[in-house]
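Worksheet: one structure, shown below.
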Amino acid sequence: MRIDLVTLFPEMFSVVRDLGVTGRAHGNQLWSLHAHSPRDYTEDVHRTVDDRPYGGGPGMVMMAEPLTRALSAIRTQRATQDQDTQEQSNQDQAAQDQAAQEQSNQDQAAQEQATQERATQDQSTQDHAPVVLLSPIGKPFDQAQAKRLARSSGAIFICGRYEGVDQRFIDQHVDEQWSLGDFVLSGGEIAALAMIDAAVRLLPGALNHDQSSTQDSFQDSLSGLLDSPHYTRPENLNGQAVPAVLLSGNHAHIARWRREQSLAITLANRPDLIEQARARGLLTKADERYLLALVAP
Ligand SMILES: C[S@@+](CC[C@H](N)C(=O)[O-])C[C@H]1O[C@@H](n2cnc3c(N)ncnc32)[C@H](O)[C@@H]1O
Numbered sequence: 058m059r060i061d062l063v064t065l066f067p068e069m070f071s072v073v074r075d076l077g078v079t080g081r082a083h084g085n086q087l088w089s090l091h092a093h094s095p096r097d098y099t100e101d102v103h104r105t106v107d108d109r110p111y112g113g114g115p116g117m118v119m120m121a122e123p124l125t126r127a128l129s130a131i132r133t134q135r136a137t138q139d140q141d142t143q144e145q146s147n148q149d150q151a152a153q154d155q156a157a158q159e160q161s162n163q164d165q166a167a168q169e170q171a172t173q174e175r176a177t178q179d180q181s182t183q184d185h186a187p188v189v190l191l192s193p194i195g196k197p198f199d200q201a202q203a204k205r206l207a208r209s210s211g212a213i214f215i216c217g218r219y220e221g222v223d224q225r226f227i228d229q230h231v232d233e234q235w236s237l238g239d240f241v242l243s244g245g246e247i248a249a250l251a252m253i254d255a256a257v258r259l260l261p262g263a264l265n266h267d268q269s270s271t272q273d274s275f276q277d278s279l280s281g282l283l284d285s286p287h288y289t290r291p292e293n294l295n296g297q298a299v300p301a302v303l304l305s306g307n308h309a310h311i312a313r314w315r316r317e318q319s320l321a322i323t324l325a326n327r328p329d330l331i332e333q334a335r336a337r338g339l340l341t342k343a344d345e346r347y348l349l350a351l352v353a354p
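Final position of the sequence shown in the working numbering is 354; the numbers increase by one with none missing.
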């Protein structure tokens with residue numbers, strides 16, 4: 058997964074590139090990050106990226122031209138990278154083909170198929186990564202979106218500042234707008250950081266323990282519900298004991314307890330997620346009995 062960002066503050070992204078789970082995944086080349094400043098794509102001596110809004114009013118607006126030039130440079134870089142990768146894979150494929158040829162001395166059908174596959178791959182060297190503008194007017198970002206990003210070849214994020222971005226750039230180049238929530242940030246960077254973190258931890262191999270992300274809130278393995286509480290040593294913390302069931306060693310009982318905790322926490326905090334799980338047929342009879350006991354004890 059390759060993430061490109063157009064941002065006035067490229068240095069902010071060292072947080073996900075260098076630290077923690079995302080930093081380790083970056084070191085292991087599971088993803089790459091490329092931050093570009095629109096100031097590097099200005100043509101005046103002051104490196105101007107913003108100007109006053111037409112029609113008056115407070116604040117400044119990000120100009121379309123530096124953003125457009127930055128985007129065009131990113132597209133070229135991405136396509137070149139794809140081509141390099143493609144050439145390498147073509148070379149590998151050619152070597153494999155030759156070895157196969159020498160070994161079995163032809164299998165016409167297999168050869169034709171290999172040629173066809175390479176033709177299909179060549180078409181994919183164009184960059185189709187979506188251009189995503191971080192914006193409070195965008196679609197609220199959620200776990201499904203994080204999953205979609207993690208399964209893709211990446212995206213090009215545009216981080217707005219000031220009052221926002223000239224609408225003509227959005228009309229011309231932006232494919233999607235994503236919001237971090239119903240509040241206004243000073244810029245798109247913190248939203249992009251959160252989204253990148255959420256996607257990278259889903260990449261295969263990003264987490265130490267394979268199961269870690271599947272047991273998280275919103276995941277299908279939890280029927281889209283919220284996570285249950287977690288405890289670690291000491292067994293007794295100033296009189297607060299760990300729930301006895303977790304010490305029982307009975308895995309079925311522990312699983313049922315965790316499920317019930319999930320149901321109770323979700324009902325209390327996000328009843329909409331209970332409704333979604335019910336609509337998707339993900340609640341068992343035992344779940345429904347437990348929920349009924351919670352609302353009508
Ligand atoms: C001060 S905000 C502009 C707010 C804009 N005038 C409005 O009222 O919708 C500057 C930039 O921060 C980013 N931003 C602010 N809130 C955001 C949110 N909730 N989600 C994603 N990006 C956000 C956007 O890129 C936006 O262009």
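Even for Gly, the Cβ is constructed at its ideal location relative to N, Cα and C.
Query: Residue ranges of each alpha helix (DSSP H) within the segment 211-261, 4 or longer; Result: 224-230 and 246-257
Query: Neighbour-count burial assignment, residue 211, 16 or more Cβ in a 10 Å radius; Result: buried
Query: Exposed unless 16 or more other CB atoms sit within 10 angstroms - verdict on residue 176; Result: Confidence at residue 176 is low in this model, with a pLDDT of 49, below 50, so the placement of that residue is unreliable and no value is reported for it.
Query: Nearest-angstrom Cα separation, counted from residue 253 out to residue 106; Result: 25 Å
Query: Cβ separation of residue 121 and residue 223, assumed to be a contact under 8 Å, to the nearest whole Å; Result: 4 Å
Query: Bridge-paired residues (DSSP) for residue 294; Result: 297
Query: Nonlocal neighbours in the same chain, by C-beta distance under 7 Å from residue 72, ignoring five residues either side; Result: 250
Query: Residue 70 versus residue 343: straight-line alpha-carbon distance, rounded; Result: 46 Å
Query: One or two residues paired with residue 197 in a DSSP bridge; Result: 236
Query: Burial state of residue 323, where buried means 16 or more other Cβ atoms lie within 10 Å; Result: buried
Query: CB contact flag (residue 439, residue 278, <8 Å); Result: Residue 439 lies beyond the stretch modelled for the chain, which goes from 58 to 354, so this question has no answer here.
Query: Straight-line Cα distance separating residue 320 from residue 326; Result: 10 Å
Query: 8 Å Cβ cutoff met for residue 247 and residue 231; Result: no
Query: DSSP-derived helix/strand/coil call for residue 92; Result: strand
Query: Pairwise C-alpha distance: residue 265 and residue 202; Result: 23 Å
Query: C-beta atoms of residue 190 and residue 227 nearer than 8 Å; Result: yes
Query: Boundaries (first-last residue) of the alpha helix (DSSP H) holding residue 344; Result: 342-352
Query: First through last residue of the beta strand (DSSP E) which encompasses residue 59; Result: 59-63
Query: Short CB-CB distance (under 8 Å) between residue 100 and chain C; Result: Absent here is chain C; the protein component of the structure consists of one chain.
Query: For residue 330, the nearest candidate out of 275, 84 and 101 (CA to CA); Result: 275
Query: Cβ neighbour criterion (16 or more within 10 Å) applied to residue 131; Result: buried
Query: Buried versus exposed, by CB contacts within 10 Å (16 or more), residue 111; Result: exposed
Query: Nearest to residue 86 (by Cα), restricted to the options 312, 65 and 58; Result: 58
Query: Three-state secondary structure assigned by DSSP to residue 283; Result: coil
Query: Closest Cα partner of residue 259 within the set 240, 117, 208 and 217; Result: 208
Query: Close beta carbons around residue 292, own chain, < 8 Å, minus the five adjacent residues each side; Result: 298, 299 and 304
Query: Cβ-Cβ distance between residue 195 and residue 243 below 8 Å; Result: no
Query: Where residue 198 falls, given that 16 or more other Cβ within 10 Å makes a residue buried; Result: buried
Query: Inter-residue CB distance, residue 256 and residue 206 (contact presumed, cutoff 8 Å); Result: 4 Å
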